[in-house]
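Residue numbers (UniProt numbering): 1 to 532.
Glycine included, every Cβ here is placed at the ideal spot set by N, Cα and C.
In this text, all values refer to a predicted model and were calculated from it rather than measured experimentally.
Structure first, then comments.
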Amino acid sequence: MLVGLEGSEEEILHARRVYVAAVDLLCEIFDLYKSSFFFAPSEEFLELTKSALQAAPEALAPESLFGLATFSHQGLIPVCYILLSSLYITAARVFAFLSGPPDHGPGQLDTRRYGEQYACKGEDTDRALLPEQTPFYKDLAAVAVQAGVCVDIFAITNEYTDLASLKFPSIESSGFLFLYSNTEDLTLPQDMYRMLSRPYAFNCVLRLRTFTEFKPGHSYDHFFPDPQYENVQHIICCDSYATYAYHFDFTNDVGFSRAASEQPMLQIAFQYTVVVPPKELSGSELISSIRYIIPSGYSVPLSLLPALSVIFTSLEEGVREGRMLFHDWLVILTTQYNEAFELIQYKNGSSSMTSQVDVTFSQCPQLQLLPRLVFALLRNPLLLFHEEGVHPDYRIYVQCLFSALEPSSLHRAIYPVLTSYSTPDKQAYPRHSLSHAALITSGSPIFFLDAFTTLIVFYSSTADPSIPFPPPQDKRCITPKLVFIRGGQDDATAFENYLIEEQDVDGIGLTSVAGFVSFLEDITQSVLEYMK
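See below:
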C-alpha cells in the first residue's frame, strides 16, 4: 500500500531529511615537556573529519538539510543532548565524531576501569569491561528513538573510549558504530559517502507473528523494542544491508501439534516511510508503505546461529563462559547428528570405535561449514581473552558489526574466503582452506583473501612481479581496506594471520599438530564423553 502525503510548503520542508554532524573538538593530550595535560584535537582527527564532512553533502539529496555542531568543555551541557531534545523533524540523523571518551557532564565516563586493576583484584577483566558503566547512554538512546533520530557514532581514537557504554544510541536507533584506531589509511570519508548515498527508509516498524506453539525468543540487530507491544521493533533507519534475526523457542516439549503436512508459518509486517523527490516538484513527498510477508518455506542461515549466540552469551555471561558454552554447543549438536544418522554403534552401554564419530557432518551438507566456523569464532576477537591483546573497544565494535550483517557477509567476516588465480584473469580454485598447506599444494601464484573488512591480494614468491592485478569491484555496507603483498619482498604478517587452521585454538601460535585437526579430535573425544 503506497500513500502519497501532500501538504503545504512548510510541511514539505519538515519532511526533508535532516543531518547534523556533532564533532568532538576536545582531546586530552599529555605534554612531555611541561609534564601536564592540555586539551586540543589532533590535526589528523580534524583533517579526517573534515574529509568525511566534505564527502557527506555529495551523497545527499539536494533538498536535504545539513547542520554542523561542535562540542568541547566550553559548554556545560552535552551538545548532542540539546540536539536530540530540540528536533521533532522527520528523518533526522546525527553523526557523532569522537576523538576520545566523554569526560565532562552527566555522560562522563571513567576510563580508569581499563587497566591492570582487575588483575590485582582477582576480577575477570573481560567480563568487567563488557557492561556499560552508566545508564546515561541507554536513556539517550530512548530519547533518540522517541524523537525519530538515528545516531551514527564515528570513534577515531586508539585510547580506551568505553564503547560498551557509548554503543547504545547507535545500535538502538538503527545507526552504525564505526571504530578507527588510527588516522592512517582510514576509510572514513568512503564509509560516510557509502552510508548516505544508498537509499533507505525511516520510521520503520517490524512486527512478527507465528504459531502459538512457536514463540520468538531473543532478537538480534540494531533496533529498539516497543515498550508496550510484544514482538514489535522500532527501526529508525533501514537500508538494503539491514539484517534482523530472531531466535525461536517451542512453548512446550511436544513441538508442533498440527499435522505434519502443515508447515510452520511466519507473518512479518514491515511499515516504513521514505522521502521521494518527484522530478516535477522542487520539494519532497512522503511515501508510506506497509508490506506483509508470509513465508511458507524458509531455510535457516546456519552461519548466523553460532555467531549471534556467541554475541549474546559473551555479553550476558562473559568471554570465558561464552567459550565453554560455545564448545559444548558444538559437542551436543555433533552428538545429536551422529545419533540421528545412527553413525555410532553402541555395545554394552558404551560407544564403539572413535573413528566412527563423524565430526565433519559428511552426510549433511548444510552443517559441513559449522566446525570451521566454530573453530574460527574461537579465534575471533569476540572470544579471545583480554590478556591475548584484544582491546575491549574493538571487541564491542566487532559485536555491533557482526550482529547486523547478513549471512554471507557474516561468514566472510568470521571465516574469510581464500581464492587462487593462475593469471590475473583466470581463477584457479574458488575456495581454499585457511592454511599454509593450501598455498603450497595449489601451486597458484596469486591469492585473493576476502575478510569483509579487509581485502588482501597476495602474490607468492614464485609469481612474476610484473603481473598486474586490479582491485575487485565490491559492494558492502562498509569500505574494506585493500592490501597488496608480494611474498618474499613485503611483510606477509597481515595475510598469514588469517591462515588460522594450523594455529591452535587459543591463539598461542603454530603447533606441531595442525590446529583444526586437533580441534576436531577434541570435539570427537568430547562427544564420546558426553554419550557415556
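Give the single residue among Ala92, Pro62, Leu98 whose Cα lies nearest to the Cα of Thr49.
The residue with the shortest Cα to Cα distance from Thr49 is Leu98.
So does the segment 391 to 404 actually touch the segment 437 to 445, counting three or more Cβ pairs closer than 8 Å?
No: the two stretches stay apart, fewer than three of their Cβ pairs being nearer than 8 Å.
Find out if the Cβ-Cβ distance for the pair Ile478, Asp191 is shorter than 7 Å.
yes
From Ser420 to Leu369, what distance separates their C-alpha atoms?
20 Å
Alpha carbon to alpha carbon, what distance is there between Gln267 and Leu528?
One C-alpha to the other measures close to 41 Å.
Using CA coordinates, which residue listed in Leu129, Leu418, Asp221 is at the minimum distance from Leu499?
The option with the nearest alpha carbon to Leu499 is Leu418.
Using 8 Å as the threshold, is the segment 103 to 117 in touch with the segment 160 to 175, meaning 3 or more CB pairs across them?
yes
Skipping 5 residues on each side, what residues in its chain have a beta carbon closer than 7 Å to that of Glu501?
Answer for Glu501: Ser433, Leu434, Ser435, Ala514, Gly515, Phe516, listed in chain order.
Taking only runs that begin and end inside the segment 124 to 158, name each unbroken beta strand (DSSP E) of 3 or more residues, in chain order.
149 to 156
I'd like to know whether the C-beta atoms of Glu172 and Ala201 end up nearer to each other than 7 Å.
no
May I have the straight-line CA-CA distance separating Pro416 from Pro407, to the nearest angstrom?
13 Å
Just mark Arg379 as buried or exposed, buried being the case when its beta carbon has 16 or more other beta carbons within 10 Å.
buried
Applying the criterion that 16 or more other CB atoms from any shown protein chain within 10 Å of the CB defines a buried residue, is Arg431 buried or exposed?
Flag for Arg431 reads exposed.
Indicate whether Arg188 and Ala59 have their beta-carbon atoms separated by less than 7 Å.
For the record, residue 188 in the displayed sequence is Leu; it is not Arg. Not closer than 7 Å, so no.
Kindly identify the DSSP beta-bridge partner or partners of Thr210.
Leu266
Would you check if the distance between the CB atom of Tyr459 and the CB atom of Ile446 is smaller than 7 Å?
yes
When burial is assigned at 16 or more other CB atoms within 10 Å of the CB, is Asn338 buried or exposed?
buried
On a CA-only basis, which of Arg207, Asp152, Phe211, Tyr241 is nearest Gln271? Give me that one, please.
Arg207
Could you say if the segment 381 to 399 and the segment 138 to 153 meet the contact criterion of at least three C-beta pairs nearer than 8 Å?
no
Would Asp328 be called buried (16 or more neighbouring beta carbons within 10 Å of its own) or exposed?
exposed
Does Gly217 pass the burial test, meaning 16 or more other C-beta atoms within 10 Å, or should it be called exposed?
exposed
Alpha carbon to alpha carbon, what distance is there between Lys426 and Tyr530?
48 Å
Report the rounded CA-to-CA distance for Gly175 versus Leu373, giving the unit in angstroms.
27 Å
Would you call the CB atoms of Val310 and Gly318 closer than 7 Å?
no
Can you grab the Cα-Cα spacing for the pair Phe326 / Glu316, in whole Å?
13 Å
Just mark Pro102 as buried or exposed, buried being the case when its beta carbon has 16 or more other beta carbons within 10 Å.
Looking at its Cβ environment, which holds 16 or more other Cβ atoms inside 10 Å, Pro102 is buried.
Going by C-alpha to C-alpha distance, which of Pro465, Ser219, Ser240, Ala55 sits closest to Gly488?
Pro465
Alpha carbons only, please: which of Ser461, Asn182, Val254 is nearest the one belonging to Glu43?
Answer by Cα proximity: Asn182.
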